[in-house]
Structures are given as C-alpha cells and as structure tokens.
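Below you'll find the structure, written out as structure tokens, and then a few comments.
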Amino acid sequence: MGSKKTRDQRSIAMLAIIAVMIVGIVAALYFYMEWRNSRPSTPPQEIEVTATAGENSATTTPFSVCEFGENCPEGSVATIDVDGADAVRISVPKDVSVLQWSLLSIYDDPAANSERTFTPGEADEVDVPIRSESNSDASLVVMEVSCLMVGQDGAGEETPVMVTWAFSTEAA
C-alpha cells in the first residue's frame, strides 16, 4: 500500500482532472449556445410553404409579414388547381413546424370555415378537404397558414412578426 502522502496526491490529481473536465464541458456548452443563437436563420419572408392537390402543387413565400399594429402590404396569393382531388395537402418546413402555427380553411359557405392550431412539432403536413366535412355543398376557396416568428424591423432589430402564407383554389 502507498503512503498517506501518495494517496493524498492521487486524490488531489483526480479532483483536478474532474474540475478541468467540468470546466471544459461548461465552456463547450457555452460556445455551442452562443453559436446556435448567433447563426443566421432563414428570414420569414423567404420561407416557403407548399400545397399539393393530386398531381398539382404550388409553393409560395408569405402573403404577408407584419409587425403587430402595423399596416402591412399584402402580396400575391398562390393558386392551386384542385380539379379531381379530394383534399389539399399543406406542407410546412421545419422553420414553421417547430413553432405553434395555424391553418385557416375558408369555404364558399362561411358556416363551413375552420381553423386548426398545431403545437410545436405536432405536424408538418395537413390535409384540407375540398368539400367541407360539416357541409358537403361547401367548396374550399382559400387556405391560410399563419405563425408568429422573429423577423427584423426597419432598423434591423429583431421583432415578432405574424407571417401568413395563402393559397386559393380559384383564379384571382
């Protein structure tokens, strides 16, 4: 067996190694979090959502990106041909699906309109029936996908923005 002095030296060396490992892990986590928070993300106005009906599909950038309380210019609404399809599949990218987002389905009979909200990670694709489930005479006219994202204001500062993508089943 070793002397008490040798055991004490080993204990001190072991504690020093453990302390260095803990400091290394904490430093690595800190630098990872800094990198993750400072990496550029896709600006909301460049994120695309896709609608697919049978063989037809349409992909669009946001119809509107708006700070709260601001008057926002509206963009163009993408049109999708739904002839022969029973449903339109809305596909959102990961940038949207990791957030809470909603899908508004507007039919030619306002009583058939519906809105569904999805929690983060719940869905990245949703099927919207062409004929309303509550009223088979009502036909789908417009679908809107909306979510709250972080965008930039005129000064380049981060600010919350409401982002909306829109699809129409009729020619505008």
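In this note's numbering, the protein residues as written are 4 to 175. Cβ atoms here follow ideal geometry from the backbone N, Cα and C, with glycine treated the same way.
| Query | Result |
| --- | --- |
| Quick one: which unbroken alpha helix (DSSP H) runs of 4-plus residues sit fully inside the segment 56-114? Chain order, please. | 97-100 |
| Can you tell me whether VAL68 is buried or exposed? The criterion is at least 16 other CB atoms within 10 Å of its CB, across all chains shown. | buried |
| Out of ALA169, ILE93, PRO65 and PRO76, point me to the one whose CA is closest to VAL145's CA. | ALA169 |
| From this set, GLU70, VAL99, GLY57 and PHE66, which residue's C-alpha is nearest ALA158's C-alpha? | GLU70 |
| Among GLU77, THR122, SER60 and LEU143, which residue has its Cα nearest to the Cα of PRO132? | LEU143 |
| Where does SER14 sit, in a helix, a strand or coil, going by DSSP? | helix |
| When we look at the beta-carbon of ILE109 and count the other beta-carbons within 10 Å, is it buried (16 or more) or exposed? | buried |
| Have a look at ASP89, ASP111, VAL129 and SER60 and flag the residue whose alpha-carbon is nearest the alpha-carbon of SER105. | VAL129 |
| Could you check what DSSP says for PRO47 in three-state terms: helix, strand or coil? | helix |
| Determine the extent of the beta strand (DSSP E) in which GLU128 is found, giving its start and end residues. | 128-132 |
| The beta strand (DSSP E) spanning GLY154 covers which residue range? | 143-155 |
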